[in-house]
């Protein structure tokens, strides 16, 4: 008895409301694409958390969910020229509920009212937003209790109190504070709480715990939207855990329908991703492969998504579509369920169901429809579905094995059911018994406290005894105890004053919060003003038609600029000193100081922010600061310096880059071994260090600073080169690259061999010191990271990456990856029954299902894997049928074999081994029926893909075969080290023609079957173009100075990558070079062309991937990716996915998000919009070849150890 009393006391201490939150446009404005500032009324902006109660400083309450602003305004924030207009329904306030799911599966219930509110004056002034503008704002009540009605009622009262003409007797935030703080959560089934919001009396109570779960919603919207057949189809799809997407143009309907279907599958619980209202920019998550239930506004475009297997439920048009059949419910349960639903729903469903049961007339339908839907109907509907489960699982308790593992014998249960129904095992029941929801139910029911309150078991027993199903529900014998909550402050205002508002008021801000807000707005305003003032002299001001710029004299203009520079530097000095006070609990990249400095650096057009920030650090060092940083400070300073250097590079501001390099060598943190880790080492990823011109200018600067006529010139040059070498070693530049730069500068200054030998010795010594501790600098990204977790994945650096709605997307990612541990635990306790005949290959009985890993190691080859080919879905179709998991990889090896791998056969992927070659296999290709392989034995073999029989041996090359390509019409195209390209007819086993000849070995080849244009290149550094249909050579493209290792041809464009560290883009029709891409620090091993935006992607042995943007007829590098430490071997670009593999066994998958609702994609170029989707954990191996299957998000690498490493990026995301 005492335990129950304690539980009740603890329950009473809980509050009904957790938070009151206001979301909308904050001090820092960003578009959904991450662009800072105001970009007009036709753009959507990220929502921010503006105010909350309890305040953020209240230590007794955890902070609201970080994804809350993104989710309560799923479309983002829009600006308007008008506010509420009684004649315009689009301007009316909108009330809707949402449900958030946390990582542990618990739910948070939120009631929202969104409305147009005037933009704050200080924000409008700072961002030059037109006067009298309005923006979306949302007020929310957050609770852990699913009491949707009371949440909405309280929120509506607060909204009306704010905007009513009579106003309130207390300040609005005092009303909010009292309501949130003083309304307790009533004890279920025992208490009813009465409270008032101003003069409106409200009440709340909860049903008893031992009944059906509390569902404070009406099921009527769901049954009105779908006819009975579609209703049952949706129920079945959820029950067998399909990917379910609800569509509607009403936010509230999406949430209510999702919650309703979750209650109808009771006593089972949805175990997967659950997002009733998905924010618009997260639409790409619909292609996730794991089960989910999500709701999406019908105005969001999904045409660019595959949607394979997704059950799309259109609630507006009573329509369900899916590419995979949904199995029917078994008989006799299907007929019984349908009949009971028709009896219940007749009076309350749309006319379409009335037609199905042959009602005589519309008048008869109207008579049936006269009775309104009530909570009794909700209860009857839930009992109907509970009876369905009681029937379909009849006797299931007899098949729970009484062993230590407590296993459910599903095989025996299905056999018993088949005998009872005289039908074979039903597909739907089989899938249901394998679902996570059923396993979770068994786990909760075995030996848990819930077992005594299991309504399913009670209902089965009641039906067996012939009792009324409603008898299983608890009876309400006593009236609940009334608990009254009164606000003593209501109506006791000394002056009788009323508080009225023309906009929703802001809550009280502390001095620190107010100061932080002012500084953000000042930084935005100052940077914007500066940018506007320094536009070209001939152009008028963007915001003022009356610009004074033209009337200022040169001296006045210089004085104004000097004042601006001084003002920015003063601000930066204060921010820098505050940045150095970041504590151990502060998040450096979300701190106010970091954000403001970053804004001043990024928005500043002439570099005053970047150069001023570097100067602040230099002055601080000269004042005696030792440069020692904490972990938090280190992260912030490192990122700010990177941004400053990147901006300075774009302006060719060598002075700022030089100063930043020098101060980075003075600032450090201590690593775990108490060794100084300098900021400079973490700047390695920036491309400027690879350019000789920078070090040349830096050297000249040093010579000017330290020139002394009395000093020996050679000794002076050597001393300055030592300074350069020290910085190169601090950056971690490869020894060969550093020495090339030093030797070049030394040669220009003729210092003599004795000094060069000294320099070489010094560089070797300092490199050995660095490598001895930090390891070899083969990676562009930091190989050792001892700092706090970064918002980006570890060991990943993406330059110029655009910010996104991070909190919303990271929440969805956590949803897809949650429950891995709990699922594994569940599967160990409750697993599917396995018969004695289910054996593994070694004869051991298979146990419980294991959580699938995203990485598989495929064993079979006895030598290094030298060739790897990915079979497309079109090629695979004839062999195995158009399956979702189809998509083969074919590998060749130094063991002279060709192997076919089927990833869908997990654990037994090797499908066939093709033997015939006598030397290493170098080239593989395939079409829908055949495989072609080329080898060092000079032969080309053609195999039947289905029977794996050798069809033809093509002999004609005089050297190793390097390339092979299957063409239409039973033709094969091959290239060899003998310098020839040959066309073969498979049907006659003959060489039709030698279609191309090069002066040296051919290393790469491309062919366009539609035009007959062939491109091949290799060791002679010439790209040759032939028209094989006319039998003539079109062009010899000259320009590269070393081997050409990669070639890509799309339409009239050819891209080549060479050992001379450059890539070139050529025009086939003109035979000319259109662009030279020269920013890599090693041979360019692979090139790719993005068709949609005409951009180029290059990968090099330096581990760097560069994205080149097509702009104004030329190409410029718009993004660098430094995930990979070894040479980049493969780049495969699709419409929205990009797969990359490297020699150090690293892989990465990039994704390009779809355009937002309304077509506003922001100002980010398409080639720069690639975002890292996922990269697997690296394992130690040396890779020779890589292939990608973008249709199924798989990347496979072949190693020197003979192992294939298959990464399935769709598993465990």
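Residue numbers (the numbering used here): 24 to 1236.
Here a beta-carbon is modelled for each residue, glycine too, at the ideal position from N, C-alpha and C.
Exposure label - residue i; buried when at least 16 CB within 10 Å
i, result
"residue 315", "buried"
"residue 6", "A query on residue 6 cannot be resolved here, the shown segment of the chain reaching from 24 to 1236 and no further."
"residue 433", "buried"
"residue 189", "exposed"
"residue 1093", "exposed"
"residue 1229", "buried"
"residue 649", "exposed"
"residue 589", "exposed"
C-alpha gap between residue i and residue j, whole angstroms
i, j, result
"residue 337", "residue 269", "6 Å"
"residue 39", "residue 223", "18 Å"
"residue 668", "residue 644", "19 Å"
"residue 446", "residue 293", "29 Å"
"residue 942", "residue 307", "46 Å"
"residue 41", "residue 51", "26 Å"
"residue 699", "residue 693", "5 Å"
"residue 931", "residue 755", "44 Å"
"residue 1237", "residue 888", "Residue 1237 is absent from the structure shown; the chain starts at 24 and stops at 1236."
"residue 484", "residue 493", "12 Å"
"residue 153", "residue 592", "30 Å"
"residue 235", "residue 410", "13 Å"
"residue 525", "residue 206", "28 Å"
"residue 327", "residue 945", "37 Å"
"residue 638", "residue 594", "13 Å"
"residue 403", "residue 88", "36 Å"
"residue 182", "residue 440", "56 Å"
"residue 95", "residue 67", "14 Å"
"residue 1241", "residue 758", "Only positions 24 to 1236 of the chain appear in the structure, and residue 1241 is not among them; the question remains open."
Close beta carbons around residue i, own chain, < 8 Å, minus the five adjacent residues each side
i, result
"residue 253", "336, 341, 342 and 343"
"residue 530", "45, 74, 75, 76, 78 and 196"
"residue 144", "none"
"residue 775", "737"
Cβ-based neighbour list, residue i, same chain, cut-off 7 Å, excluding 5 preceding and 5 following
i, result
"residue 641", "682 and 686"
"residue 177", "164, 202, 220 and 225"
"residue 917", "886, 887, 889 and 943"
Reduced DSSP category for residue i - H, G, I as helix; E, B as strand; rest coil
i, result
"residue 599", "helix"
"residue 1072", "strand"
"residue 953", "strand"
"residue 143", "coil"
"residue 1222", "strand"
"residue 689", "coil"
"residue 107", "coil"
"residue 156", "coil"
"residue 681", "helix"
"residue 705", "helix"
"residue 1250", "In the structure as shown, the chain begins at 24 and stops at 1236. Residue 1250 is therefore absent and cannot be evaluated."
"residue 1173", "strand"
"residue 493", "helix"
For residue j and residue i, believed in contact at Cβ under 8 Å, the rounded distance
i, j, result
"residue 1232", "residue 1197", "5 Å"
"residue 779", "residue 769", "6 Å"
"residue 1097", "residue 1089", "6 Å"
"residue 1103", "residue 1079", "No, residue 1103 and residue 1079 are not in contact; Cβ-Cβ is about 13 Å, not under 8 Å."
"residue 246", "residue 368", "5 Å"
"residue 718", "residue 680", "With a Cβ gap of about 11 Å, residue 718 and residue 680 do not count as contacting."
"residue 914", "residue 1150", "Wrong, their Cβ atoms sit about 20 Å apart, outside the cutoff."
Contact test: residue i Cβ vs the ligand GTP heavy atom, cutoff 6 Å
i, result
"residue 737", "As far as ligands go, the structure on display features none, and thus does not contain the ligand GTP."
Proximal residues to residue i (C-beta, below 6 Å), its chain only, five neighbours per side dropped
i, result
"residue 149", "544, 547 and 548"
"residue 1007", "977, 995 and 1014"
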